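Q:
Number of protein chains: 2
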Amino acid sequence: MTDPKEHLIDWLRNAYAMEKQAESMLKAQASRLEHYPSLKGRIEQHIDETLSQQKLLEGCLDRLGSSPSAIKDLAARVAAMGQAVGGMTVSDEVVKGAIAGFVFEQFEVASYTALIAAAKTAGDADTQRCCESILPQEIEMGRWLLEHMPEVVAAYLERSRVGEDAKR
Amino acid sequence: MTDPKEHLIDWLRNAYAMEKQAESMLKAQASRLEHYPSLKGRIEQHIDETLSQQKLLEGCLDRLGSSPSAIKDLAARVAAMGQAVGGMTVSDEVVKGAIAGFVFEQFEVASYTALIAAAKTAGDADTQRCCESILPQEIEMGRWLLEHMPEVVAAYLERSRVGEDAKR
Numbered sequence: 007m008t009d010p011k012e013h014l015i016d017w018l019r020n021a022y023a024m025e026k027q028a029e030s031m032l033k034a035q036a037s038r039l040e041h042y043p044s045l046k047g048r049i050e051q052h053i054d055e056t057l058s059q060q061k062l063l064e065g066c067l068d069r070l071g072s073s074p075s076a077i078k079d080l081a082a083r084v085a086a087m088g089q090a091v092g093g094m095t096v097s098d099e100v101v102k103g104a105i106a107g108f109v110f111e112q113f114e115v116a117s118y119t120a121l122i123a124a125a126k127t128a129g130d131a132d133t134q135r136c137c138e139s140i141l142p143q144e145i146e147m148g149r150w151l152l153e154h155m156p157e158v159v160a161a162y163l164e165r166s167r168v169g170e171d172a173k174r
Numbered sequence: 007m008t009d010p011k012e013h014l015i016d017w018l019r020n021a022y023a024m025e026k027q028a029e030s031m032l033k034a035q036a037s038r039l040e041h042y043p044s045l046k047g048r049i050e051q052h053i054d055e056t057l058s059q060q061k062l063l064e065g066c067l068d069r070l071g072s073s074p075s076a077i078k079d080l081a082a083r084v085a086a087m088g089q090a091v092g093g094m095t096v097s098d099e100v101v102k103g104a105i106a107g108f109v110f111e112q113f114e115v116a117s118y119t120a121l122i123a124a125a126k127t128a129g130d131a132d133t134q135r136c137c138e139s140i141l142p143q144e145i146e147m148g149r150w151l152l153e154h155m156p157e158v159v160a161a162y163l164e165r166s167r168v169g170e171d172a173k174r
């Protein structure tokens, strides 16, 4: 028998590790991009959002009596997903990077959707509100990436066709 | 200088490998689920869709002069993503499985969105139509998984709270 609150804390820790992974992926991606300024700009905006989200999750964990030091050990639990998506992002190809970025946003969307349901079940209104404030930022970043996918693809193919550096 | 059609063929091969990965993940997930019949049923429906999508992609590749035997070698290119998500799916936990399933659908959504743009640029109307017929199935499967996430989470937490087998 496991209290819902135990699962909630566990999942919040995973979400924190996920946002740490997001930060390093987004920073790597933004620093690499050269020829796709609007994509780079949107990623930089989302780095700021990601840092705020980390603070919000830290607050939730503190309130639930979980120490920040315990969080570090759990980073490995999302490492498989993060490394795979990160590996695609480290690829020198802007289209794979955009796909990977979108996929990681959707990982976050699904995680916060599960967390909101878990917070409701556990009767933790503060955590619920916290996650409900983060979720729209992830949805919006994902929406933006998918909406701009066709223009990234078209620009990549055109640069590639004429022999210009297309990958970054 | 690279012709858009070369990228298109490359990405179609990746999509084929992705659907092979989807098939094995979905089958593993469906066979494991015991206590979540509506999730299991929806996954089984999507296995049928996935097999049809493989046939459609094979048709596109044949038409573009790419042999099916060449496809196998390329499976490794999506293996990192597939294995990571697959690894989460092989987890004995229905919530992580539902998240991983949703994330993989979004990988497919992003991939077909990029493919449609590439087919347009390459002037390949047949491939464009093929991918446009697949995309809504991936969107709908993803939508269903996210919509049902809260009830899967609630059921998992309740089964777990009372000490019943909750994971599958």
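These protein sequence lines are chains A and B, in that order.
Its first residue numbered 7, the first sequence is counted upward by one per residue in this note's numbering.
Its first residue numbered 7, the second sequence is counted upward by one per residue in this note's numbering.
C-beta: ideal position from N, C-alpha, C; glycine also.
Values in this document were obtained by computation on a predicted structure and should not be read as measured data.
1. Which bits of chain A does L63 of chain B rub up against, with CB to CB less than 7 Å?
2. Determine the burial state of V158 of chain A: buried for a count of at least 16 other Cβ atoms within 10 Å of its Cβ, exposed for fewer.
3. Chain B beta carbons: is any one of them nearer than 8 Å to that of Q143 of chain A?
4. When the Cα atoms are used, what is the spatial distance from T95 of chain B to V168 of chain A?
5. Thinking C-beta only, is E25 of chain B closer than 8 Å to Q59 of chain B?
6. Here's the rule: buried if 16 or more other CB atoms are within 10 angstroms of the residue's CB, otherwise exposed. What is S139 of chain A?
7. Quick one: what's got a C-beta closer than 8 Å to S117 of chain A's C-beta in the same chain, skipping five residues either side?
8. Which residue's Cα is closest to the Cα of E206 of chain A: B:T119, B:Y162, B:E164, B:E40?
9. For G93 of chain B and E144 of chain A, I'd like the C-alpha separation in whole angstroms.
10. Is there a Cβ from chain A that is less than 8 Å from the Cβ of D9 of chain B?
11. In angstroms, rounded to a whole number, what distance separates the CA positions of P43 of chain B and I53 of chain B?
12. Is there a C-beta anywhere in chain D that falls below 8 Å from the one on G169 of chain A?
13. For the alpha helix (DSSP H) holding D176 of chain A, just list the boundary residues, first then last.
14. Assign M7 of chain B to one of two classes, buried (16 or more other C-beta atoms within 10 Å of its C-beta) or exposed (fewer than that).
15. Measure the beta-carbon distance from A104 of chain B to L45 of chain B and round it to whole angstroms, keeping in mind my assumption that it falls under 8 Å.
16. So with Cβ pairs under 8 Å, would you call L163 of chain B a contact of chain A?
17. Mind listing the chain B neighbours of V100 of chain A? Cutoff is C-beta to C-beta under 7 Å, in chain order.
18. Compare the C-beta of R174 of chain B with all C-beta atoms of chain A and state if any pair is closer than 8 Å.
19. Starting from the Cα of K102 of chain A, find the closest Cα among B:V101, B:F113, B:F108 and give me that residue.
20. Between which residues of its own chain and S166 of chain B is the CB-CB distance below 8 Å, once the five residues before and five after are set aside?
21. Could you please give the first and the last residue of the uninterrupted alpha helix (DSSP H) stretch that includes L121 of chain B?
22. Using 8 Å as the limit for Cβ to Cβ distance, is I105 of chain A near chain B?
23. If you count every other CB in all the chains shown that lies within 10 Å of the CB of G129 of chain B, and 16 or more means buried, which is it?
24. Tell me the DSSP secondary structure of I15 of chain A in three-state form.
25. Identify whether K173 of chain A lies in helix, strand or coil by the three-state DSSP scheme.
26. Which one of A:A124, A:A28, A:R135 has the shortest CA to CA distance from T56 of chain A?
27. Among the residues of its own chain, which have a CB less than 7 Å from the CB of L151 of chain B, if the five just before and after it don't count?
28. Are the C-beta atoms of Q3 of chain B and some chain A residue less than 8 Å apart?
29. What residue range does the alpha helix (DSSP H) around L39 of chain A cover?
30. Look at the alpha carbon of D132 of chain A and the alpha carbon of I49 of chain A, and state the distance between them as a whole number of angstroms.
31. Per DSSP, what kind of secondary structure is D132 of chain B in: helix, strand or coil?
32. So L39 of chain A and R174 of chain A are in contact, right, with Cβ under 8 Å, and what is the actual spacing, rounded?
A: So, to answer that:
1. Chain-order list of chain A residues neighbouring L63 of chain B: empty, with the shortest C-beta distance near 17 Å, by a criterion of under 7 Å.
2. The residue is buried, with at least 16 neighbouring Cβ atoms inside 10 Å.
3. Proximity of Q143 of chain A to chain B, defined by a Cβ-Cβ separation below 8 Å, is not satisfied.
4. Below a pLDDT of 50, predicted positions are generally treated as unreliable, and T95 of chain B, at 45, falls in that range; no measurement from the model is reported.
5. yes
6. exposed
7. W17, N20, A21, M24
8. In the structure as shown, chain A starts at 7 and stops at 174, and residue 206 of chain A therefore has no counterpart that could be examined.
9. Reliability fails at G93 of chain B, whose pLDDT of 49 lies under 50, so the model's placement of it is uncertain and the value that follows must be treated cautiously. Rounded to the nearest angstrom, the two C-alpha atoms are 23 Å apart.
10. yes
11. 15 Å
12. Of the chains in the structure shown, none is chain D; the protein chains are A and B.
13. In the structure displayed, chain A extends from 7 to 174; residue 176 of chain A sits before or after that span and is not available.
14. exposed
15. 7 Å
16. Interface residue, yes.
17. None at all; the shortest Cβ gap to chain B is about 11 Å.
18. no
19. Nearest option by C-alpha distance: B:F113.
20. A172
21. According to the DSSP assignment, L121 of chain B belongs to the alpha helix (DSSP H) that extends over 100-128.
22. yes
23. exposed
24. helix
25. Annotated three-state conformation of K173 of chain A is coil, per DSSP.
26. A:A28
27. Same-chain partners within the cutoff: A104, G107, F108, E111.
28. Since the first and last residues shown for chain B are 7 and 174, residue 3 of chain B lies out of range.
29. Run containing L39 of chain A: none; DSSP gives neither H nor E here.
30. 28 Å
31. helix
32. 6 Å
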